[in-house]
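A.B. asks: Counting from 1, one number per residue, gives the positions in the sequence shown under UniProt numbering.
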Amino acid sequence: MSRQPFMSNGPYTPSSPSATRGDARGYPTLRVAKSPNESMARTNCVFLHPRDMDPSTRYLTIEDQFAFTVRFSDVVTPGEIGTTLFHRRYAALSLNQDVRVRPYDPFIENVNSYLGSISLQIDFLRKTMESAEHYDITEMQQILLNSFDGQIFAEGQTFNFDFHGTDLLAEVAAVNLVDFDALKSGNAGQTSGQSSGNRFRRGILMKQTTIQIAKASTSSIKLKGGAKGAAPNALLQPNFKFEDLGIGGLDTEFSQIFRRAFASRIFPPSIVEKLGIQHVKGILLYGPPGTGKTLMARQIGKMLNAREPQIVNGPEILNKYVGQSEENIRKLFAAAEQEYKQRGEESSLHIIIFDELDAICKQRGSKNDGTGVGDSIVNQLLSKMDGVEQLNNILIIGMTNRLDMIDEALLRPGRLEIHMEINLPDENGRLQILNVHTARMRQHDLLEHDVDLKELASLTKNFSGAEIAGLIKSASSFSFNRHIKIGATAAVNPDYDKMKVARDDFLLALDEVHPSFGVSETELKQCVTNGIFKFGNHVERILSDGQLFIGQVRNSKRTPLVSVLLHGPSGSGKTALAATIAMASDFPFIKLISPESMVGFTEQAKMNHINKIFNDAHRSEFSVIVIDSIERILDWVAIGPRFSNTVLQTLLVLMKKAPQKNHRLLILATTSQRHVLQQMDMADVFDASIYVPNITDLDSVDLLLQELKTFTDSERRRAIDTLRASGIEARGISIGIKKLLMITEMASQDVDKVDKFVYTLTDEGSGGAR
C-alpha cells in the first residue's frame, strides 16, 4: 500500500490573485457557503473552485484543525468553500464566515493514517421518521465502503448517506488506525492509536477498513445482521475511558459491576433470548461514607450511551399527601414503560439512581408511625422492578450506608441483585484519588516538585476518597496562608502568582485531617497520661509479648484474628499497657471501647456501638480494638450478681468473627475480674492471657521513685530504708502502680514528704498479696 503524499507540501498560489484572499503563507482565505446542490452534499466532501487551490489536492484543513476531503467544481463561486450543515456543525462554522484553508497531507501528521476500523452510530436523518423495516448492517457496510472509499473521517464527525432511498445519518464514534509495523511482523489484527476521545483524531477509509455499526441511543431505527451477530445497540460510549470519570481506587469494583450489569446488554437481544436470561435490573452500592458510592453512581451515566440518568435522593420521594409518595415512584418508571411498549427489547436503557435508599426502603413492618407509607413505597418499587409487567430496559442503582436497614425483598435476584461494597481504598487506590484531585494543580504548575504522591498515598492509610479531598483542601489552605498579609485588614500578597502547594503543607494537613476509620489517638493517650514506668522485669516482658502478638497478626497467614486478655488487680496498669501495645502496632485503625464512652447507653445502644466499631475494624486491612474494663461494659456488679447478657452475647459473637480475606485484627481486652469472665464462659474466647501484677517489693518502689524524680536521692533512700525497717515487705506489700503514683504526688505536697509517703504507703500497701 503506497504512502505517498497526495499533494505538494509547499504553499499554493491561486491562479487569479484577485479571486481569493490569502494569509502570509499564501494559503487562501475563503468564505463559508452551502454546497451548490444536494448531490454534492451527499458526497461528504467540501467543494472549491479550481482557481482557489491546486485541483490535485485530496484533503484540506480549515483553520489548521478540521480536516475534510475536498473536490473541485466550476459551479462553486470562486472565493467560497461549499459545505454541508454537518461540516459546519463539526467545525463550528457559520455561513459567510471567513476561514483559512490549506492543503493537508495526513501522512505528515501520522505515518499510520489509514483506518483499521471505524465505529458509526446510525439514525434517521429526520428524527421524526418511524419505520418498521429492519436495515441490514452487512449491506449498509458495503454501501459505505463503496461511497466513501478514500475519504478522511474524524471522531465526532457526522455525515448523511442514502440507503435504498432512505436518508440516514452517521456519527463517527471512534476510529482506530492501522499499525503498519504490526502488519509487517505478522500481527495483522493489531491496531495502533486506540480511541482517546480526541475530536481531531482521524484517518482515511479504505476497502479493508472494518466498519462497526450500531444504532444511536435515541434512534428508532431497527438494524439486523452484522458480522458475528454484532450488537445493534451501542450501550457504552465508544470514547469512554474510566479515568475520565474522575474516580480513583474503584477499578476492581467497576469491572465487577460492568461484568454483571452491562456485559449482557452489549450482546444482541437474540443471543440473550437464546440463553433464556434477563438483564440485571438493580445494583446496590453500600459502604462507609465518603468512599465514592454517590460519585460512582452519578458518573456511570457518562460511560453509557443511554438516556440521562434520573437521580433521586430518597427523602425527595416522600410527600405529605396520601398516595403521592407512591405516585412519585410510578413517575420515575413512566418513560421506560412507554418506550418498552413501543419498541420492546430495542428500547434504550433507562437508569434511575436512588441516593440514601435506606430513607424510603426500610424493612417493612419496622416503622410504627401508623401510616404505612414506608411499606407502600417498598411495595410500589418492587412491583415496578419485578412485577407482572416486567421491564427489561431499566437499571436501578441504589446507595446506602446502612445495608442492614434495606428490606430483604429488594435484595433478591431480579431486583437489587448486585450488592457491591465500596470500601476504603488501598494504597494504589489512594494514589489514583490523589492523582485525580491534584490533576489541575499539576496542569497549572501549582504543585511543588517535592510533593511525592506515592509518599502521600502511604501516609493516608484508611482515608476515604472524601477525606483525601479534604486533606488536599487543607494543604491548599496552608499554602494560601503563606501569601496573606494580615494587618488592619487581610490582603493578598503581591507574590500570590508564585503560590504553590508544597510537601510541608501536606504534612501539616495530615496533623489536621484525620480519617474516620483511623486511630482514636486522643482517647488512647489519655489512657497513658503518665507514660509507662519500667519498674520491674514484668513490664518489659508484657510489652515484649505485645510486640510478638502484633507481629503475629501482621505476618501470620494462619491467625488473622488474635485476642489477648490482660488481667490483674485494679490499678496495676493494664489499660496503660494495652493502649501502649496498641499504639506501638502502627496499625491504621485503632479504637477503644470503654465504659466511659457508653455512659447512659441502653443495652441496645451499647450493642450497636460495639457492633459498629467491630464492623469498621473489619473494613481496615490492619486493626486493633482495645476493650477496657470488660466487666464494667457488661454491667457486672458483685451484689446480686447481675450483668447484661445481651452485651455479653454481642461481644462473644463479634470477638470470634474472623475478618475478611487479607484483613487482620488484634483484640486487647482488660479486666480486674477474670474469675467473673470464667463464670460467663468468656475467658475461653481469648487466644492468650497476660497477668499484670501489683508492685510487691520495695526494689520496684525504689525504681519507680528514681524514674519519677519527685524525691531527691537522699529523700528516696531515707524513704526506702524506713519502709524496710517497718517490716512492710515481710508482711507482704501489694499496691497498684496507679495508687503508688497518687501517693507519691500527694506526699510531695507535704512539708515532710518522706514521712507522709512512708505512712500512707504502709497504710495502703500492707494487706498481703492479692
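The C-beta atom is built at its ideal place from N, Cα and C for all residues, glycine as well. All values reported here derive from a predicted model rather than from experimental measurement.
Skipping 5 residues on each side, what residues in its chain have a beta carbon closer than 7 Å to that of R199?
C.D. replies: Bear in mind that a pLDDT of 49 at R199, under 50, signals an unreliable position, so the model cannot answer this.
A.B. asks: Taking the alpha-carbon positions, what's the N328 to G314 distance?
C.D. replies: Straight-line Cα distance between these residues: approximately 11 Å.
A.B. asks: In angstroms with no decimal places, state the Cα-to-Cα distance between T400 and P588.
C.D. replies: Straight-line Cα distance between these residues: approximately 25 Å.
A.B. asks: So what does DSSP say about I317, is it helix, strand or coil?
C.D. replies: I317: helix per DSSP, three-state reduction.
A.B. asks: Would you mind giving the Cβ-Cβ distance between V70 and R58, rounded to the nearest angstrom? I have them listed as a contact below 8 Å.
C.D. replies: Contact flag correct, Cβ pair sits at about 7 Å.
A.B. asks: With a 10 Å radius around its C-beta and 16 neighbouring C-beta atoms as the bar for buried, classify I211 as buried or exposed.
C.D. replies: Its Cβ being crowded by 16 or more others within 10 Å, I211 is buried.
A.B. asks: Please confirm whether N393 and H437 have their CB atoms less than 9 Å apart.
C.D. replies: For N393 and H437, no; Cβs fall outside 9 Å.
A.B. asks: Give the secondary structure of E171 by DSSP, where H, G and I count as helix, E and B as strand, and everything else as coil.
C.D. replies: It is a strand residue.
A.B. asks: DSSP three-state label for F107, please.
C.D. replies: F107 falls in the helix class under three-state DSSP.
A.B. asks: Look up E421 in the DSSP assignment and give the residues it is bridged to.
C.D. replies: E421 is bridged to Y286.
A.B. asks: Where does the unbroken alpha helix (DSSP H) through M655 begin, and where does it stop?
C.D. replies: Taken as a continuous stretch (DSSP letters only), the alpha helix (DSSP H) holding M655 covers N645 to K656.
A.B. asks: Hey, how far is the Cα of I422 from the Cα of P515?
C.D. replies: Computed Cα separation, rounded: 16 Å.
A.B. asks: Beta carbon of I590, beta carbon of S520: below 9 Å?
C.D. replies: Yes. Within cutoff.
A.B. asks: Quick check on the burial criterion: 16 or more other C-beta atoms within 10 angstroms. Buried or exposed for A688?
C.D. replies: It counts as exposed.
A.B. asks: Can you pull the DSSP bridge partners for D162?
C.D. replies: Answer is D167.
A.B. asks: Would you call the region 716-725 and the region 569-577 in contact, with 3 or more CB pairs under 8 Å?
C.D. replies: They do not touch, by the three-pair rule.
A.B. asks: Among I406, P425 and M499, which has the Cα closest to the Cα of H444?
C.D. replies: For H444, the nearest C-alpha among the options comes from M499.
A.B. asks: Helix, strand or coil: which one does DSSP assign to M53?
C.D. replies: M53: coil per DSSP, three-state reduction.
A.B. asks: If I follow the unbroken beta strand (DSSP E) through H567, where does it start and stop?
C.D. replies: Unbroken beta strand (DSSP E) run through H567: L561 to H567.
A.B. asks: If you draw a straight line from the alpha carbon of M680 to that of L565, how long is it in whole angstroms?
C.D. replies: Taking the straight line from one Cα to the other gives about 15 Å.
A.B. asks: Can you check the region 500-570 for any alpha helix (DSSP H) of at least 4 residues that lies completely inside it and give the ranges in chain order?
C.D. replies: List check, alpha helix (DSSP H) in window: 503-512, 521-527 and 537-555.
A.B. asks: Straight-line CA distance for N9 to F124?
C.D. replies: A caution first: N9 carries a pLDDT of 40, below 50, which makes its placement in the model unreliable, though a value can still be read off. C-alpha separation (whole angstroms): 40 Å.
A.B. asks: Between the C-alpha atoms of D586 and L510, what's the straight-line distance to the nearest angstrom?
C.D. replies: For D586 and L510, the distance between alpha carbons rounds to 16 Å.
A.B. asks: Which whole-angstrom value is the C-beta distance of F159 and M140, which I expect to be below 8 Å?
C.D. replies: Their Cβ separation, rounded to whole angstroms, is 14 Å, which puts F159 and M140 out of contact at 8 Å.
A.B. asks: Enumerate in chain order the residues of its own chain whose CB-to-CB distance from L403 is below 7 Å, with the five nearest sequence positions on each side excluded.
C.D. replies: Only Y286 meet the Cβ criterion.
A.B. asks: So, with DSSP's three-state summary, where would you put Q340?
C.D. replies: The question names Gln, but residue 340 in the sequence shown is Tyr. Note: Y340 maps to helix in three-state DSSP.
A.B. asks: Examine the Cβ distances between the region 546-560 and the region 663-673 and report whether three or more of them are shorter than 8 Å.
C.D. replies: A contact exists between the region 546-560 and the region 663-673.
A.B. asks: Please report the straight-line C-alpha distance between D763 and D752, rounded to a whole angstrom.
C.D. replies: One C-alpha to the other measures close to 17 Å.
A.B. asks: Is the region 634-653 in contact with the region 526-535, if contact means three or more CB pairs nearer than 8 Å?
C.D. replies: Taking 8 Å as the limit for Cβ pairs, the verdict is that the region 526-535 does not touch the region 634-653.
A.B. asks: Going by DSSP in three states, L144 sits in which element: helix, strand or coil?
C.D. replies: In the structure shown, L144 sits in a helix (DSSP, three-state: H, G or I).
A.B. asks: Between the Cα of T83 and the Cα atoms of D52, P103 and E38, which residue gives the shortest distance?
C.D. replies: When only C-alpha atoms are compared, the closest one is E38.
A.B. asks: Do V101 and T29 count as a contact pair if the criterion is CB distance below 9 Å?
C.D. replies: Taking 9 Å as the Cβ cut-off, T29 and V101 qualify as a contacting pair.
A.B. asks: Let me check one thing: in DSSP terms, what residues is A67 bridge-paired to?
C.D. replies: Note: A67 sits in a beta bridge opposite T61.
A.B. asks: Mapping the DSSP letters down to three states, classify R415 as helix, strand or coil.
C.D. replies: Of the three classes helix, strand and coil, the one that applies to R415 here is coil, per DSSP.
A.B. asks: Just to confirm my understanding: we take A466, look at its own chain, exclude 5 residues before and 5 after, and list those with CB closer than 6 Å. What are they?
C.D. replies: G290.
A.B. asks: May I ask you to report which of helix, strand or coil DSSP gives R307?
C.D. replies: Three-state result, R307: coil.
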